[in-house]
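Novice:
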Amino acid sequence: MSNYPETGRLSAPADTTLRIDNIRPYGEGDPVSVLIEDGCIAAIGPEVAEQSADDVIDGQGNVLLPGLVDMHVHLREPGREDTETIATGSAAAAKGGFTAVFTMANTNPVTDQPVIAESVWAKAQALGLCDVHPVGSITKGLAGKELTEFGMMARSDAKVRMFSDDGKCVDDPRLMRRAIEYSRGMDVLLAQHCEEPRLTEGAVAHEGETAARLGLRGWPRVAEESIVARDALMARDYGGRIHICHASTEGTVELLRWAKGQDIPLSAEVTPHHLILTDSRLETFDGVNRVNPPLREERDTLALRQALIDGVVDCVATDHAPHSSEEKCCEFDQARPGMLGLETSLAIIADLFVINGDQDWRFVAKVMSERPAEITKLPGHGRPIAEGEPANLCVVDTNASWTAEAKEMASKSENNPYEGMSMPVRVSTTILRGKVTCRDGNPVTTD
Ligand code: DOR
Ligand code: ZN
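Those letters in the sequence shown? Residues 574 to 1020, by my numbering.
Structure representation (structure tokens):
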């Protein structure tokens, strides 16, 4: 089995040449020019500005990063095209600086068979805005009873490389053990939504002082942590590649620190919302703040931030979860869990870690591109900005602050938890295999 399994057939690289002038890879050093030919970086340097190209973008001294990779989104097609489609989700991804995303299997029908995965893959490749990798479900119909045919999906034209019942936990330990043993033979990733369901029945918010005062049923930290601990022990004894979705608690961080200290093969992601928002948001009873796992407390956000810096949590994933207004603008306990994330994540991570001088742009490249590409063994993405590498890139304009407003977003839904918040930087350009998929902050429509 190759270390980097192949992907499905990719949309063709650009047949024109592109030059980006006055740009600083990773925000380092003096500005250079980057020439892109046949979908790859052909040359980098100050002298490259002399070479001709069909299209030239003025980088205005801004930051060039590898195209971002999001291991966890929900694009809702098939089944809920009223809330997001592969087209609108791909546009949102391009606008957010992403060149590859993994869309979860909790669609309708569930992505538990090759034909569904193949249709998602083919639609996204025809659009050419972003590589959308379908995630296959671990159990048939997300019912938690019977494993799906990992091999058929892995070998299909979609080349499924990640399996998850996200939205639900594979809580049956015997089934999880079998899934791990089965996954090993194909070298696919298992992404676990850690939630012991017996501890979260009827829960709508983080179990704590705020939920108690507001009369909301609580979702305790231990519901997440008990599954993280169990799956860490399973990874220790049965191997495989297990990934922890949306880590949300201080205790999960402690468990991951322990597991990584033992060289247990485990990776983990954190969402932007679990890094900056807390359950203090619940006071308004606004359904936009309902999410799974729920917004926790300040000490959890601080532990998660430090864990990301230390590499205990590997990467950022948005868990972009579009929902209709009817499903969000209602009683809090009736609201569907989930928040938009694709178009705001880069700005939030930059604000939290880079603008204050704490971390550099290399850190952003690591947690939003390189690590997610490594964890998913995705070729062509999260690669160094260097000659000969695929031209999957994004430009961050560090002088363009903006206000996050759902009405201005490419996503079809409006459940934006950052509505009205000021964002310090903006993605101005995204490039997929040499093609511009976002220009001047707007996704490029192909028709
Ligand atoms: O808040 C969430 N929304 N968490 C999940 O795990 C699933 C997701 C969705 O599908 O809406
Ligand atoms: Zn989830």
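Idealized CB from N, CA, C, for every residue including glycine. All of these numbers come straight from a predicted model, not from anything done at the bench.
Do alanine 667 and proline 1016 have their C-beta atoms within less than 7 Å of each other?
Specialist: Contact flag set, yes.
Novice: Per DSSP, which residues does methionine 735 bridge with? Please list them.
Specialist: Leu762, per the DSSP bridge assignment.
Novice: Under the DSSP definition of a beta bridge, which residues are partnered with glycine 791?
Specialist: Bridge partners of glycine 791: Ala778.
Novice: Decide if proline 682 is buried, meaning its Cβ has at least 16 other Cβ atoms within 10 Å, or exposed.
Specialist: Exposed.
Novice: Let's see if you can read the secondary structure: which residues bound the beta strand (DSSP E) around methionine 644?
Specialist: Counting along the chain, the beta strand (DSSP E) containing methionine 644 begins and ends at 641 to 646.
Novice: How far does the alpha helix (DSSP H) with arginine 597 in it extend, from its first residue to its last?
Specialist: Arginine 597 -> not in any alpha helix (DSSP H); beta strand (DSSP E) instead, spanning 591 to 598.
Novice: Quick check: is any heavy atom of the ligand ZN less than 6 Å from the C-beta of histidine 766?
Specialist: Yes.
Novice: Is aspartate 739 a contact residue of the ligand ZN, with contact defined as CB to any heavy atom under 6 Å?
Specialist: Checking the Cβ of aspartate 739 against the ligand ZN gives yes.
Novice: Excluding the 5 residues preceding and the 5 following proline 687 in the sequence, name in chain order all residues of the same chain whose CB lies nearer than 6 Å to its CB.
Specialist: For proline 687, where only same-chain residues beyond five positions count, the Cβ hits under 6 Å are Met725, Met726 and Ser729.
Novice: To which residues does DSSP link phenylalanine 675 through a beta bridge?
Specialist: In DSSP, phenylalanine 675 forms a bridge with His706.
Novice: Is aspartate 883 buried or exposed, if buried means 16 or more other CB atoms sit within 10 Å of its CB?
Specialist: Result: exposed.
Novice: At a cut of 8 Å, does the region 848 to 856 reach the region 811 to 830 through at least three beta carbon pairs?
Specialist: In short, these stretches do not touch, since the Cβ pair count stays below three.
Novice: What first and last residue would you give for the alpha helix (DSSP H) that runs through glutamate 992?
Specialist: Per DSSP, glutamate 992 belongs to no alpha helix (DSSP H) and is neither H nor E.
Novice: Pull up the distance between the alpha-carbon of histidine 1043 and that of threonine 891, whole angstroms please.
Specialist: This structure does not reach residue 1043, given that the chain is present from 574 up to 1020, and the question cannot be answered.
Novice: Give me the Cβ distance between aspartate 627 and threonine 590, rounded to the nearest whole Å; I'm assuming they're in contact under 8 Å.
Specialist: Confirmed, Cβ separation roughly 5 Å.
Novice: For cysteine 742, is the beta carbon positioned less than 6 Å from some heavy atom of the ligand ZN?
Specialist: No.
Novice: Taking only runs that begin and end inside the region 608 to 636, name each unbroken beta strand (DSSP E) of 3 or more residues, in chain order.
Specialist: Listed in chain order, the complete beta strand (DSSP E) runs (minimum 3 residues) inside the region 608 to 636 are 613 to 618.
Novice: Shorter than 6 Å, the distance from the beta carbon of aspartate 647 to the closest heavy atom of the ligand DOR, or not?
Specialist: Residue identity check: residue 647 is histidine in the sequence provided, not aspartate. Yes, the ligand DOR has a heavy atom inside 6 Å of this Cβ.
Novice: Contact between the region 982 to 991 and the region 691 to 704 is defined here as three or more beta-carbon pairs at a separation below 8 Å; is this criterion met?
Specialist: Too few Cβ pairs lie closer than 8 Å, so no.
Novice: Give the straight-line distance between the Cα atoms of glycine 791 and arginine 935, rounded to the nearest whole angstrom.
Specialist: Whole-angstrom Cα-Cα distance: 38 Å.
Novice: Look up methionine 807 in the DSSP assignment and say whether it is helix, strand or coil.
Specialist: If DSSP states are grouped into helix, strand and coil, methionine 807 belongs with the helices.
Novice: Return yes when the C-beta of cysteine 818 is under 6 Å from any heavy atom of the ligand MG, and no when it is not.
Specialist: Although the ligand MG was asked about, the structure shown includes only the ligand DOR and the ligand ZN as ligands.
Novice: Mind checking whether valine 864 and glycine 911 have CB atoms under 7 Å apart?
Specialist: Against a cut-off of 7 Å, the Cβ pair of glycine 911 and valine 864 comes out as a contact.
Novice: What three-state label does DSSP hand isoleucine 800 in the structure shown?
Specialist: If DSSP states are grouped into helix, strand and coil, isoleucine 800 belongs with the helices.
Novice: Where does valine 688 sit, in a helix, a strand or coil, going by DSSP?
Specialist: Reduced to three states, the DSSP call for valine 688 is helix.
Novice: Kindly indicate which residue of Pro586, Asn929 and Val777 has the alpha-carbon position closest to the one of isoleucine 614.
Specialist: Checking every option, the nearest Cα to that of isoleucine 614 belongs to Pro586.
Novice: Is threonine 891 close to chain B? Criterion is C-beta to C-beta, closer than 7 Å.
Specialist: No chain B is present in this structure, which holds just one protein chain.
Novice: Touch check for the region 761 to 774 and the region 740 to 749: three-plus C-beta pairs under 8 Å?
Specialist: Because the criterion of three Cβ pairs below 8 Å is met, the region 761 to 774 and the region 740 to 749 touch.
Novice: Counting pairs of beta carbons, one from the region 943 to 963 and one from the region 1008 to 1015, are three or more of them closer than 8 Å?
Specialist: Touching, no, given that fewer than three Cβ pairs across the two stretches are closer than 8 Å.
Novice: Look up lysine 1008 in the DSSP assignment and say whether it is helix, strand or coil.
Specialist: Three-state DSSP puts lysine 1008 in a strand.
Novice: Keeping to the same chain, check which residues put their C-beta closer than 6 Å to that of lysine 1008; ignore five residues upstream and five downstream.
Specialist: Closer than 6 Å at the Cβ level, and outside the excluded window around lysine 1008, lie Ala587.
Novice: As an exercise, report each continuous beta strand (DSSP E) stretch of at least 3 residues that is fully enclosed by the region 823 to 909, in chain order.
Specialist: The region 823 to 909 contains these whole beta strand (DSSP E) runs: 839 to 843.
Novice: Anyone know if the C-beta pair for leucine 855 and leucine 787 falls short of 7 Å?
Specialist: Contact flag set, yes.
Novice: Between asparagine 679 and the ligand DOR, is the CB less than 6 Å from at least one heavy atom?
Specialist: Yes; taking the cut-off as 6 Å, the Cβ of asparagine 679 has a heavy atom of the ligand DOR nearer than that.
Novice: Since I believe valine 629 is in contact with isoleucine 617 (beta carbons under 8 Å), could you give me their beta-carbon distance rounded to a whole number of angstroms?
Specialist: Not confirmed; about 15 Å, so no contact.
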